[in-house]
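*Asks:*
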Amino acid sequence: MTIVKYSLEDFVAEMESLLQGQPDQQKLFDAGSNYLSRLIGNPNAIPAAFRVPSGKGRRANHGSYLLHQGASGLQVTAVVWGPGDHAGPHDHHTWGMIGVWDNALTETRFRRLDDRKLQDYAKLEQNRTALVKPGEISLLIPEVDEIHQMDNYTDRPTVEIHVYGHDLRGLDRCTYSLETGKISPFVTRKYDNC
Ligand SMILES: [Fe+2]
-11 MTIVKYSLED FVAEMESLLQ GQPDQQKLFD AGSNYLSRLI GNPNAIPAAF RVPSGKGRRA
49 NHGSYLLHQG ASGLQVTAVV WGPGDHAGPH DHHTWGMIGV WDNALTETRF RRLDDRKLQD
109 YAKLEQNRTA LVKPGEISLL IPEVDEIHQM DNYTDRPTVE IHVYGHDLRG LDRCTYSLET
169 GKISPFVTRK YDNC
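All the letters of the sequence shown, read from the start, carry residue numbers -11 to 182 under this note's numbering.
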């Protein structure tokens, strides 16, 4: 008997259909994380070429590969963190779901303690740190719980599937300095989740 696995095409179709219904946040994350959970449970969900760091450029130890970009804004990428790879505190300005497909990643979340009245300053407090593992999903909720840092402390690449409600290319986002509190705006030309 052939077992048909839940594919990227299945996931995209169900997510686009879900978004067409303009779900509230609870419904979006409930249904969406159920779909993503099925996708990252498929050992063939990601093409082999998208499971390795890029090996070139400024972040040779990192990889981000576009799997889907919908007119709705839905963006699905495969993101690879090589051993020792790191992304400092940053935000997303869109909802997101991140599922670990292989290996593990340390994700640290931060909470803003300031009143957000200053444009270039934020006081951050470390909220929680977790070692996220295959099958686990973390959610990004704009302005509520979306500032995080990522580290691969293991000795092999970690592969994730990232899902966003907006194309990250050209989206105004920010990085945060824990030392000085400085907020630095940035825009990426690629679907870079930094
Ligand atoms: Fe991120």
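For every residue, glycine included, the Cβ atom is placed at its ideal position computed from N, Cα and C.
None of these values were measured; they are calculated from a predicted model.
1) Within 10 Å of its beta-carbon, does residue 175 have 16 or more other beta-carbons around it, so buried, or fewer, so exposed?
2) Alpha carbon to alpha carbon, how far is residue 49 from residue 41?
3) Mind checking residue 99: buried by the 16 CB within 10 Å criterion, or exposed?
4) Between residue 102 and residue 93, what straight-line distance do the alpha-carbon atoms span, to the nearest angstrom?
5) Hey, which unbroken runs of the alpha helix (DSSP H) at 4 residues or more fall wholly within the region 3 to 43?
6) To the nearest angstrom, report how far apart residue 104 and residue 31 are at their CA atoms.
7) Cβ-heavy atom distance between residue 81 and ligand 1 below 7 Å?
8) So, are the CB atoms of residue 53 and residue 66 less than 8 Å apart?
9) Give the DSSP-derived three-state secondary structure of residue -3 in the structure shown.
10) What's the gap between the Cα of residue 163 and the Cα of residue 77?
11) What residue from 155, 119 and 79 has the CA that sits closest to residue 173's CA?
*Replies:* Result, derived from the coordinates:
1) exposed
2) 5 Å
3) exposed
4) 28 Å
5) 13 to 28
6) 43 Å
7) no
8) yes
9) helix
10) 6 Å
11) 79
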